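Written below as structure tokens is the structure these notes are about.
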Amino acid sequence: MAVSKLANGKWQAQVFPNGRDGRRIRRQFATKGEAMAFERHIKDQAQDKPWLGEKADKRRVIELVELWFNTHGITLADGEKRRTTMAFACESMGNPLATEFNAKIFASYREQRLSGKITRSTRVKMVTPRTVNLELAYFRAMFNELRRLDEWTAPNPLENMREFKISESEMAYLTNEEIRTLLAECEKSRSKDLTTIVKICLATGARWSEAEGLKGNQIRAGQIIYVKTKGKKNRAVPITEKLQVELPSSRKAQLLFKPCYSAFRKAMQRAGIETPAGQLTHILRHTFASHFMMNGGNILVLQRILGHTDIKVTMRYAHFAPDHLSEAMLLNPLDRLG
1 MAVSKLANGK WQAQVFPNGR DGRRIRRQFA TKGEAMAFER HIKDQAQDKP
51 WLGEKADKRR VIELVELWFN THGITLADGE KRRTTMAFAC ESMGNPLATE
101 FNAKIFASYR EQRLSGKITR STRVKMVTPR TVNLELAYFR AMFNELRRLD
151 EWTAPNPLEN MREFKISESE MAYLTNEEIR TLLAECEKSR SKDLTTIVKI
201 CLATGARWSE AEGLKGNQIR AGQIIYVKTK GKKNRAVPIT EKLQVELPSS
251 RKAQLLFKPC YSAFRKAMQR AGIETPAGQL THILRHTFAS HFMMNGGNIL
301 VLQRILGHTD IKVTMRYAHF APDHLSEAML LNPLDRLG
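full-length UniProt numbering applies: residue 1 is where the sequence shown begins, and numbers increase by one.
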């Protein structure tokens with residue numbers, strides 16, 4: 001806001017009621033006092049005066065979260081997860097106004113998440129940098145999408161905030177002997193579907209939820225058709241006749257298996273197999289991908305089987321290929337000395 005004298009002798013009040021990025025209002029007055037009074041009036045009661053043209057944005061971030069979900073997030077496979085994650089963060093940050101939300105507020109929340117001062121459950125006391133990076137990505141993507149929809153006209157408040165650098169996580173996989181041991185323990189389980197679900201994951205690289213949530217009509221012509229996947233694309237993976245005869249015979253659009261996550265955890269414990277945090281069931285998918293590459297599989301074929309939209313994700317398994325970087329043994333200067 002500013003008051004200045006014009007060449008014609010009048011005084012001009014220039015007002016930005018919603019900040020420099022918002023609408024500009026200019027009025028001319030006969031005296032400096034009138035111009036300053038107008039400026040003060042706008043500053044004190046901007047949202048209530050008719051000459052503003054637009055009222056101050058009083059929406060809170062949580063309202064933007066709901067708006068984003070209803071207009072876009074509902075179409076995402078993990079949309080509900082993002083919604084609840086951001087809703088928890090909003091509450092933890094004191095439900096700030098969207099116009100006041102900034103990197104400083106989120107940075108304070110992020111620090112408290114990492115230190116354990118803010119927790120979503122009693123089971124997990126402190127989260128990892130990877131988790132808060134994901135939360136940052138959710139909010140940043142939300143503001144970007146609302147800008148595309150013309151529901152948010154100001155800059156993205158988190159666009160310049162950097163993620164934490166994190167080391168590449170360990171990707172554990174099962175050896176052949178561990179696979180045999182695990183399958184033997186699964187056979188002992190009272191959950192009759194456990195062994196079949198584990199075999200599906202090991203044979204097709206499916207996520208646990210994809211295998212456990214299979215319906216009869218997804219099995220046809222020697223293939224398992226995975227639908228409504230994380231990548232939003234259907235994919236078909238061939239299976240052997242040996243595995244197919246072990247699957248339930250029903251081909252109706254009904255679930256084939258009962259949930260048995262807890263039974264799998266107990267089978268892993270009985271087998272004496274430990275996994276990195278967060279990889280209890282995902283170790284089966286890692287095992288498929290790792291053995292696929294170790295046995296000479298093609299990385300592009302693996303990408304299609306796993307349903308990765310970005311080849312960089314699949315490239316995490318490239319080092320399992322038998323000839324990966326084998327040139328290092330042939331072209332290094334020490335061995336070329338003769």
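Even for Gly, the Cβ is constructed at its ideal location relative to N, Cα and C. Quick caveat: nothing in here was measured; it's all calculated off a predicted structure.
In its chain, beyond the 5 residues on either side, Ala203, Thr204, Gly222, Gln223 and Ile224 have a beta carbon closer than 7 angstroms to the beta carbon of Ile239. The beta-carbon distance between Leu214 and Phe257, rounded to whole angstroms, is 7 angstroms. This is short enough to meet the 8 angstroms contact definition. Secondary-structure assignment with DSSP links Trp11 through a beta bridge to Lys5 and Phe29. In the displayed model, Tyr317 falls within a helix according to three-state DSSP. At a Cβ-Cβ threshold of 8 angstroms, Leu183 and Leu174 do not count as neighbours. A straight-line Cα-Cα distance of about 30 angstroms links Ser249 and Ser290.
With 16 or more neighbouring CB atoms inside 10 Å of its own CB, Met142 falls in the buried class. Contiguous beta strand (DSSP E) elements confined to the region 179 to 231 occur at 223 to 226, taking only those with 3 or more residues. In this structure, Ile219 lies away from Ala211, with their beta-carbon atoms at least 8 angstroms apart. Note on geometry: alpha-carbon atoms of Glu241 and Arg180 lie some 20 angstroms from one another. With a cut-off of 8 angstroms on Cβ pairs, the region 226 to 235 is not in contact with the region 164 to 171, counting fewer than three such pairs. The closest CA to that of Leu194, considering only Ile118, Ser115 and Thr281, is found on Thr281. Val313 sits exposed, since fewer than 16 C-beta atoms from the chains shown fall within 10 Å of its C-beta. When only Cα atoms are considered, Pro129 and Thr71 end up about 29 angstroms apart. Less than 8 angstroms divides the Cβ of Leu158 from the Cβ of Phe139. The residues Cys186, in chain order, have a CB closer than 6 angstroms to that of Val198 in the same chain once the five nearest residues on each side in sequence are set aside. If only uninterrupted alpha helix (DSSP H) runs of at least 4 residues are considered, those enclosed by the region 77 to 149 are 79 to 92, 103 to 115 and 129 to 148.
Per DSSP, the unbroken alpha helix (DSSP H) holding Ala267 starts and ends at Tyr261 to Ala271. Between the C-alpha atoms of Thr196 and Glu246 there is a straight-line separation of about 7 angstroms. For Ala236, no alpha helix (DSSP H) encloses it; the enclosing beta strand (DSSP E) starts and ends at Arg235 to Pro238. Under the 8 angstroms Cβ criterion, the region 66 to 83 does not count as touching the region 24 to 33, having fewer than three qualifying pairs. For Phe69, the enclosing alpha helix (DSSP H) has its first and last residue at Val61 to Thr71. For Ile305, same chain residues with a beta-carbon under 6 angstroms away, outside a window of 5 residues either side, are Gly205 and Val237 in chain order.
In the structure shown, Leu255 adopts extended strand secondary structure according to DSSP, grouped into three states. Spanning the alpha carbons of Gln279 and Met293 requires a straight line of approximately 20 angstroms. Contact between Ala77 and Lys230 holds: their C-beta atoms lie close to 5 angstroms from each other, under 8 angstroms. When Asn160, Lys252 and Lys58 are compared, the shortest CA-CA separation from Ala98 is found for Lys58.
Using a Cβ distance threshold of 8 angstroms, Val132 and Arg110 count as a contacting pair.
Taking the Cα positions, Met126 is about 19 angstroms away from Thr275. In the displayed model, Phe292 falls within a helix according to three-state DSSP.
In terms of Cβ geometry, Arg24 and Gln14 form a close pair [threshold 8 angstroms].
Contact annotation: His286 and Met171 have beta-carbon atoms nearer than 8 angstroms.
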